[in-house]
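Colleague:
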Amino acid sequence: MAKKNDPKTALESVKLLINKGKHEQALEVLHKNREALEEDPVFHNAVGVCLAALREHDAAVKAFLESIKKNPLDPMPYTGIGNSLAKNLQFTEAEKYFQLSLVVDENYHDAIVGLGVAAFQRSDYAACEQHFQRALKSRPNAPTVLTNLANSYAAQGRHAEAIPLLERTLRLDPQNAQAHLNLGLMQLGMGQFETGWNHYEYRFHEDNFIQQKFKDLPRWKGPKGEAANVLVWAEQGVGDEIMFASMFSQLSQCTETFVIECDPRLKPLFEGAFPKLNFMAKANYASVTGIQYQISIASLAQLLRTSREAFSQTPAGFLKPTARAL
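So the mapping is simple: the working numbering equals the position in the sequence shown, first residue as 1, plus 123.
(1) So Glu358 and Ser419 are in contact, right, with Cβ under 8 Å, and what is the actual spacing, rounded?
(2) Which residue marks the beginning of the alpha helix (DSSP H) containing Pro366, and which one marks its end?
(3) For Ile235, which residues in the same chain have their Cβ closer than 6 Å to its Cβ, ignoring the five residues on either side in sequence?
(4) Evaluate Arg388 with the Cβ neighbour count: other Cβ atoms within 10 Å of its Cβ, from every protein chain shown; 16 or more gives buried, anything less gives exposed.
(5) Please classify Leu212: is it buried, with 16 or more other beta-carbons within 10 angstroms of its beta-carbon, or exposed?
(6) Ordered along the chain, which non-local residues of its own chain (more than five positions away) have a Cβ less than 6 Å from that of Pro130?
(7) Alpha carbons only, please: which of Pro164, Asn299, Ala249 and Gly237 is nearest the one belonging to Ile191?
(8) Measure the alpha-carbon distance for Phe187 versus Cys377 and round it to whole angstroms.
(9) Tell me which same chain residues have a C-beta within less than 7 Å of the C-beta of Gly319, skipping the five on either side of it?
(10) Could you check what DSSP says for Glu135 in three-state terms: helix, strand or coil?
(11) Leu221 to Lys336, Cα distance in whole Å?
(12) Just how far apart, CA to CA, sit Lys126 and Glu329?
(13) Considering only their Cβ atoms, is the gap separating Ala217 from Leu208 smaller than 8 Å?
(14) Could you tell me the distance, in whole angstroms, from the CA atom of Ala433 to the CA atom of Leu423?
(15) Straight-line CA distance for Ile365 to Pro198?
(16) DSSP on Asn352, reduced to helix/strand/coil?
(17) For the putative contact between Asn271 and Leu295, defined by C-beta atoms under 8 Å, what is the C-beta separation to the nearest angstrom?
(18) Can you tell me whether Ile383 is helix, strand or coil according to DSSP?
(19) So is Gln301 buried or exposed if we call it buried at 16+ other beta carbons inside 10 Å?
(20) Does DSSP put Ile69 in a helix, a strand or coil?
(21) In whole angstroms, what is the alpha-carbon distance linking Lys155 and Ile141?
(22) Output the distance between the C-alpha atoms of Glu135 and Gly237, rounded to the nearest integer angstrom.
(23) Going along the chain, which residues of its own chain have a beta-carbon closer than 7 Å to the beta-carbon of Gln373, five neighbours each way excluded?
(24) Looking at the structure shown, is Met199 part of a helix, part of a strand, or coil, going by DSSP?
(25) Based on Cα-Cα distance, which residue from Lys145, Gly144, Ala133 and Lys399 lies nearest to Arg157?
(26) Rounded to whole angstroms, how far is the Cβ of Val355 from the Cβ of Ile383, which I believe are closer than 8 Å?
(27) Return the CA-CA distance between Leu392 and Val353, expressed in angstroms with no decimal places.
(28) If you check the beta carbons only, do Leu288 and Ala273 fall under 8 Å apart?
(29) Reducing DSSP to helix, strand and coil, say where Phe371 ends up.
(30) From the DSSP output, which residues share a beta bridge with Met403?
(31) Does any CB atom of chain B fall closer than 8 Å to the CB of Arg262?
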């Protein structure tokens, strides 16, 4: 760790930590060396980058503003503010800062990408694609830009153009969660269920998605005729829980015992429709013991809905409310 009052060593240490994704540790180094680095705009930029990575976007904006005060001719903090505003869904304000960044440097790559993202949010796909194509001229293999351009095509139903871009992204960056997720959603929409669900599993690595839970338990890999207790945990909204409940009748036929987490409002309905399964309201984790395996509710589809024919196993009217549920 960098010694206090050793600015050069401190900033080098911070850069290495940021590149490794260790933003909390980088912030610790920055705070310990604040007195020595306070007048350096690079210090404030680094603070902003770390705070943004930790999703503390309001604080990140303040740090980038401090950097601009020290050096108004650096395009980076303007873009940093734009990105944080965009994360807070303030796209109109974000665009203003991306434009300011381009006033300082008309070819600043990240600002051009930011304008593309903002244009996408207002459904101006022509402008969106213009910005992303411009960004690709300077960095033709930038995974983020390729993925965003694919998103623009997909939003217009231009899947034949979107899919090759996502596949190219994954060749360049095999763990790119957004590319996997978007490719998975497109494949599911086209009935390519086996590969689609596999890509969809990367949703847990997406910044805006729920974090994976119960990771200390091994994942259930499907029916094995084993007398085991399996926790099926909820991950999305009420509508999604109802949709994925179409697979519960198959779980009822398994040897395993299932405990299924659900919205409290759905618990009476599910209990009446699937008496062989056990249901618990969300957040009652302390009441669950003796569990051997876990799986998220949407991930059941990766095991039970890998073909069009598999969907025919869902009985018509699979949710029939009992008097207790009404």
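Ideal Cβ placement from N, Cα and C applies to all residues, glycine included.
Modeller: Taking the geometry as given:
(1) 5 Å
(2) Residue identity differs from the one stated: residue 366 is Met in this sequence, not Pro. Residues Val361 to Phe367.
(3) His254, Arg257 and Ala258
(4) exposed
(5) Classification for Leu212: exposed.
(6) Ala159 and Leu160
(7) When only C-alpha atoms are compared, the closest one is Pro164.
(8) 56 Å
(9) Gly307, Gln310 and Leu311
(10) helix
(11) For the record, residue 221 in the displayed sequence is Phe; it is not Leu. Their backbone Cα atoms lie some 36 Å apart in a straight line.
(12) Only weak support exists for where Lys126 lies, its pLDDT of 46 falling under 50; the value from the coordinates is given anyway. Going from the Cα of Lys126 to the Cα of Glu329 covers about 35 Å.
(13) Contact: yes.
(14) 12 Å
(15) If you draw a straight line from the Cα of Ile365 to the Cα of Pro198, it comes to about 48 Å.
(16) strand
(17) With a Cβ gap of about 14 Å, Asn271 and Leu295 do not count as contacting.
(18) DSSP places Ile383 within a strand segment (E or B) once states are collapsed to three.
(19) buried
(20) What is shown of the chain runs 124 to 449, which leaves residue 69 out entirely.
(21) One C-alpha to the other measures close to 16 Å.
(22) 27 Å
(23) Leu427 and Gln436
(24) Three-state result, Met199: helix.
(25) Nearest option by C-alpha distance: Ala133.
(26) With 8 Å as the limit, Val355 and Ile383 qualify as a contact, their Cβ atoms being about 4 Å apart.
(27) 20 Å
(28) yes
(29) Helix.
(30) Looking at the DSSP assignment, Met403 forms a beta bridge with Glu384.
(31) Among the chains of the structure shown, chain B does not appear; only one protein chain is present.
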